[in-house]
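Enquirer: Using the UniProt record's numbering, read the sequence shown as starting at 1 and increasing by one per residue.
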Amino acid sequence: MSFLSNHSFSSSFGRKKNKQPLNLNDDPTGGWRTGHARHHCAICNVWMGGDEVSKGIHYNGKKHRAAVEKDREKRCKEKKKLKKKDDEAEAAWKKMEAAATGFEG
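1. Name the DSSP bridge partner or partners of H40?
2. Pull up the distance between the alpha-carbon of D86 and that of W93, whole angstroms please.
3. Just the Cα atoms here: how many angstroms apart are V68 and I43?
4. Does G56 come out as helix, strand or coil in the three-state DSSP assignment?
5. In whole angstroms, give me the CA-to-CA distance for E78 and N45.
6. Thinking C-beta only, is G50 closer than 7 Å to H64?
7. Rounded to the nearest angstrom, what separates A89 and K55 at their Cα positions?
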């Protein structure tokens, strides 16, 4: 295994263009860290091991289930608030429209 790449670098401090552009999508570790991937749970805001066992333990745990329920309740409340605002805006719009046309109904 070589630590040198296909890139040519000058021994002086002058600038030279690389023969081949560096591909940032390639794994810089050469694949040796693929088993150590980390996983982030956005609901709980925690990091865990990327393996299925660690994720399963977290997702089936009491804290995660409580956080999911809390998040669901929060989203329902926000949805109800938005619906109420929309209904009020629609009622105001109908009232203005009726006043403009002189028709009540």
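Idealized CB from N, CA, C, for every residue including glycine.
Expert: Reading it off the structure:
1. W47
2. 10 Å
3. 7 Å
4. helix
5. 20 Å
6. no
7. 44 Å
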